[in-house]
Every structure is written in structure tokens, then in C-alpha cells.
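Residue numbers (our numbering), protein chains in the order written: chain S, 7 to 221; chain L, 7 to 221.
Protein chains: 2
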Amino acid sequence: MKIAELSRVSGVPVPTIKYYLRENLLPPGELTSPNQASYSETHLRRLRLIRALVDLAQVPVARVKEVLEGLDSDTMTLHDKIGRAHRAITPQRQLTSTSDAREAATTQVEELLRSRGWSVDPDAPALNTLIETIAALRTLQQDHLVSFLDSYATAVEKFTDLEVSAVTSSPAAPTPDQIAESVIIGTILGETLIASLRLLSQESISAKRWNPSTD
Amino acid sequence: MKIAELSRVSGVPVPTIKYYLRENLLPPGELTSPNQASYSETHLRRLRLIRALVDLAQVPVARVKEVLEGLDSDTMTLHDKIGRAHRAITPQRQLTSTSDAREAATTQVEELLRSRGWSVDPDAPALNTLIETIAALRTLQQDHLVSFLDSYATAVEKFTDLEVSAVTSSPAAPTPDQIAESVIIGTILGETLIASLRLLSQESISAKRWNPSTD
């Protein structure tokens with residue numbers, strides 16, 4: 007299909023498609039004349055993936071590019087591809103806590119990882135975020151939330167189990183490329199899914215408990 | 007304390023504190039001379055809350071202002087204050103899905119809400135995000151993830167239960183202001199906590215399953 011049709015089917019404006027082509031997020035089409043290229047279903051699929059990452063998961067374009075390079079790589083392990091997806095949704099946080107609060111939080115997180123048997127890279131951005139978040143909760147005197155950390159981790163492991171079964175129990179034997187794509191999409195859009203479900207569940211409880219105007 | 011000491015204790019640079027004062031995120035200090043103001047523990051606490059929301063939860067400054075106005079309001083219900091916190095962490099998403107995919111996703115979400123007994127505002131931004139995310143997962147042929155929606159919702163309800171007990175089971179009877187602050191901080195930083203725990207749990211499983219270079 008021509009670029010105009012790709013735009014029509016995907017709902018993405020032509021200038022945006024051209025921007026993705028210039029930034030190498032989208033591979034070039036097949037030239038059918040010096041000024042015209044033809045795009046395939048593969049382009050349409052890739053374009054939809056880009057839009058989901060940019061619009062729904064709010065991943066910056068530069069990070070989307072890293073994720074897609076990972077997906078297309080024949081040499082990276084799936085673990086490394088997942089690492090790129092993690093970086094895409096973990097903004098680099100500045101250190102905000104005092105050194106005392108940070109030290110206590112670090113000890114608590116190390117104990118959690120040990121008791122759960124989670125082995126993670128000491129440089130994982132999510133590790134820094136977790137430590138800083140716990141330190142902030144303590145500094146803000148919200149220790150009761152921190153005391154539930156282990157229960158949170160138990161609930162979180164449910165998601166991970168679900169995601170692993172989703173990928174490995176797929177009825178049609180998936181190719182490694184399909185597994186990689188599923189895992190990456192699940193990692194990134196799964197976060198959006200969980201966050202929005204959580205807010206809806208909270209809103210429903212809050213309406214019942216704390217909104218005297220409705221019943 | 008003077009602004010220089012507030013900066014030293016909080017770790018926030020003086021120009022940033024002045025910016026928060028100008029934007030009315032931080033209430034003015036008490037004037038001790040025409041050019042000098044004095045700041046209290048309340049200012050320090052508020053400043054730490056602002057930093058946690060901006061740096062850790064990546065909430066835009068304009069949204070932080072709305073959240074704090076909610077916290078300080080004597081007339082808003084807790085439910086409305088929570089609504090502001092929800093908007094702060096739910097970016098307004100553009101519609102990206104086709105109308106067919108959106109229609110199917112809407113039906114699925116309506117069924118979920120009904121079966122769970124969740125009553126939510128039809129204009130809740132999280133509702134739109136959930137529908138768009140499901141539509142995107144379907145369009146990207148990741149239906150297996152969508153099929154776990156109900157199990158996701160069950161795991162999510164665990165968080166909400168934990169959060170409600172955290173607030174209501176606090177040993178010292180909290181004032182309404184303290185409850186509001188706890189709920190708002192829990193809503194916003196809880197998302198950061200869950201997201202980072204999830205990534206660490208995933209990384210650990212991924213290292214075991216999909217990284218041949220380690221054992």
C-alpha cells in the first residue's frame with residue numbers, strides 16, 4: 007500500500023509516519039518508483055506497536071527506538087531485550103532522599119530480594135526507584151504502607167506468573183520472534199493495564215467509603 | 007529556619023524552592039523582615055512531598071498543584087481529593103484504536119465492571135486508558151494477555167484491600183487531614199512501588215529463563 011493508505015488504515019497522519027521513517031523507527035518501504043514507496047502489513051503492524059508504546063504507555067520516542075532495535079536484533083538474548091523494555095518504562099529518577107532514609111530502605115529491599123529469591127542486576131533502574139520510593143514513604147511518615155511491602159510483592163508475583171503463562175501456554179507454538187514481541191508488549195502495556203485497573207478498583211471503593219454525596 | 011537551611015535540610019536547591027513558592031505549591035514563609043522569611047517543619051514536609059511527586063512519581067508540576075490544593079481544601083470530599091490524585095497519574099491518552107477494536111474492548115470492560123461490582127465515573131480517565139489498552143493488545147494480536155484480564159483484576163483488588171487496611175488500621179486515630187494525605191501519597195507513590203516491584207520480579211524470572219549467559 008502507499009503511504010496515504012497506510013495512514014488511512016492506521017489512523018496515523020502522514021507527517022507522523024514520515025517522522026518515524028526518518029527516525030528509523032519504521033523500516034523504509036519498498037521503492038516502486040524514485041518518489042514512491044510501497045508499505046506492507048509488517049509496516050502497519052509496526053506502526054500500531056509504535057503508537058501503543060508512545061500514546062498509551064507514554065514511552066519517549068528515543069526509548070521506543072531502543073525497544074524496537076532490541077526486538078529486531080538477531081544477537082541479543084530475550085533477557086537483554088526485556089532489559090530495554092524495562093528501561094523504556096523506568097524513567098531515570100533523581101536521588102531525593104536523605105542518606106539515612108536511603109540506607110534503611112536499601113537494607114529493607116535487600117532483605118526482600120533475599121527472602122523472595124529474586125536475583126536482579128544491582129544497576130537495574132527499577133531497583134533504584136524502589137529504594138527511593140520506600141525512603142520517600144518513610145520520610146513522609148507513611149511507614150504503614152512500607153510495612154505491607156511483602157504483601158505487595160506477593161500480589162506482584164501473581165502478575166509475573168500470569169505473564170509467563172500467557173507467553174508459554176500459547177496454543178500455537180510461537181517463534182522466538184513472536185515470544186520476544188509478546189513479552190515486550192506485555193511488559194510495557196501490562197503496566198498500563200495494571201495501573202488503570204488499580205485506579206478503577208480504588209475509585210469504586212472510594213466512592214462507597216468516602217463520598218457522602220452518593221450512596 | 008531560613009530558606010538556605012530549608013534547602014540544606016531538604017536537599018532541594020534554593021532556586022527550585024523559590025520556583026515552588028512562586029507557583030504556590032509551597033505556602034509563603036512568615037516574614038521576619040521585609041526581605042527575609044522563616045520556614046517551619048510544615049514547609050519542609052510539604053517540600054518533601056512535592057519532590058516525591060515530581061521526581062519519583064513523575065507528576066507534572068501543574069498536576070502536583072491540583073493535588074496539593076485538594077489536600078488543603080476544607081470543602082472537598084476525600085473522594086474528590088482522590089480523583090485529583092488519579093488525574094495526576096493518568097495522562098490524557100489520545101485515541102489510537104480502530105472503532106471496531108474499541109467497541110469490543112468497551113464491551114469487555116463493561117462486563118468486567120459489572121461482574122466485579124465496580125462502580126466508576128464513566129468519565130474516569132483510567133477507564134478510557136483501560137479500554138484503549140485492551141483494544142491495542144487485541145489489535146497487536148496479544149489476545150492471550152487480554153484473556154487474563156479477570157485474574158489481573160483479582161490481583162489488583164489485593165492492592166486496594168491492602169491500601170484501605172493501611173489507612174483504616176493505623177494505630178493512632180488519624181485526623182481526616184492525615185487520612186487524606188495518606189490516601190493521596192499511597193495512591194500516587196503506590197503506583198511507583200508496584201511498578202518497580204513488578205519489573206524486579208520479571209527481571210528475576212527472565213534471568214532464570216531467558217538468559218543463557220548466566221545460570
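For every residue, glycine included, the Cβ atom is placed at its ideal position computed from N, Cα and C.
This one's a predicted model, so the numbers in the text were calculated from it and none came from an experiment.
- Ranked by Cα distance from Val70(L), the first of Asp61(L), Ile56(L) and Asp80(L) is Ile56(L).
- Judged by DSSP secondary structure, Gln42(S) falls within the beta strand (DSSP E) whose first and last residues are Gln42 to Ser44.
- Per DSSP, Glu29(S) lies in no beta strand (DSSP E) segment and is marked neither H nor E.
- When the beta-carbon positions are compared, Glu197(L) and Ile95(L) come within less than 8 angstroms of each other.
- Per the Cβ contact rule, the region 117 to 132 of chain S is in contact with the region 78 to 93 of chain S (3 or more Cβ pairs under 8 angstroms).
- In this structure, the alpha-carbon of Ile211(S) lies about 8 angstroms from that of Trp124(L).
- When C-alpha distances from Asn30(L) are compared across Ala110(L), Ala159(L) and Asp78(L), the shortest belongs to Asp78(L).
- Residue range Glu36 to Ser39 is occupied by the beta strand (DSSP E) that includes Ser39(S).
- Between Tyr25(S) and chain L, the shortest Cβ-Cβ separation is not below 8 angstroms.
- Among the residues facing chain L, Ser46(S) is not included, as its CB has no counterpart in that chain under 8 angstroms away.
- In terms of CA proximity to Glu138(S), Thr112(S) leads the group Ala161(S), Gly35(S) and Thr112(S).
- Per the coordinates, the alpha-carbon of Lys24(S) lies some 37 angstroms from the alpha-carbon of Ile200(L).
- Linking Phe165(S) to Ser157(L) through their CA atoms gives a straight-line distance of about 8 angstroms.
- The contact set of His49(S) on chain L, defined by CB atoms closer than 7 angstroms, is empty, because the minimum CB distance reaches about 14 angstroms.
- Ser188(L) is the residue among Ser188(L), Asp106(L) and Val152(L) whose C-alpha sits nearest the C-alpha of Thr145(S).
- Annotated as distal: Leu118(L) and Leu59(L), with beta-carbon spacing of 8 angstroms or more.
- Residue contact with chain S for Ala161(L): present (Cβ-Cβ distance below 8 angstroms to some residue of chain S).
- The straight-line gap separating the alpha-carbon atoms of Ala141(S) and Asp106(S) is approximately 9 angstroms.
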